[in-house]
Amino acid sequence: MTLSDRDLAFLAFEGEWRRHAGAKEEAIRAEFAVTPARYYQLLGRLIDSPEALAHDPMLVRRLRRRRDDAAAQHRARLGRTAER
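Take the sequence shown: its position 26, counted from the start at 1, is 1056 in the numbering used here, and no numbers get skipped.
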C-alpha cells in the first residue's frame, strides 16, 4: 500500500501542529473537511500502517505512544468508576 496524498497531508499536519496556535478541531475541519472524530479514526488506521512508519518513524512512534497512553488512561478511569 502506498500512502495517499491525504495520508501524507495528515502526517504533515500532525508533524506541524504543535508549531501553530489555535483550536485543532477547527483546523481539522477547515483543512480536511471531516469531523475531528473521523480524522482521528483515519489517523489511527494510518499510524498503524508500515508505510506511515517507514515515511516518518519518529512522528508515527510519537503518535502511537500518545494514542496508547490516552487509551491506558481511559481504561484506568473506567476501572476506577467500575469499582465504586
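Ideal Cβ placement from N, Cα and C applies to all residues, glycine included.
Beta carbon of residue i nearer than 8 Å to that of residue j
i, j, result
"F1043", "E1061", "yes"
"F1040", "L1083", "no"
Run of the alpha helix (DSSP H) containing residue i, from where it starts to where it stops
i, result
"A1060", "1054–1062"
"R1048", "Counting along the chain, R1048 falls outside any alpha helix (DSSP H), and DSSP gives it neither H nor E."
"L1033", "Neither: L1033 is in no alpha helix (DSSP H) and is coded neither H nor E."
Supposed close pair residue i, residue j - CB separation, criterion 8 Å
i, j, result
"A1058", "P1066", "For the record, residue 1058 in the displayed sequence is Ile; it is not Ala. Yes, they are in contact, since the Cβ atoms of I1058 and P1066 sit about 5 Å apart, within 8 Å."
Straight-line gap, residue i to residue j (C-alpha atoms, nearest Å)
i, j, result
"Y1087", "L1108", "Sequence check: residue 1087 is Pro here, not Tyr. Spanning the two alpha carbons is a distance of roughly 31 Å."
"A1053", "V1090", "22 Å"
"A1102", "D1035", "31 Å"
"S1079", "M1031", "9 Å"
"L1033", "A1100", "26 Å"
"L1038", "H1085", "9 Å"
"R1048", "D1098", "19 Å"
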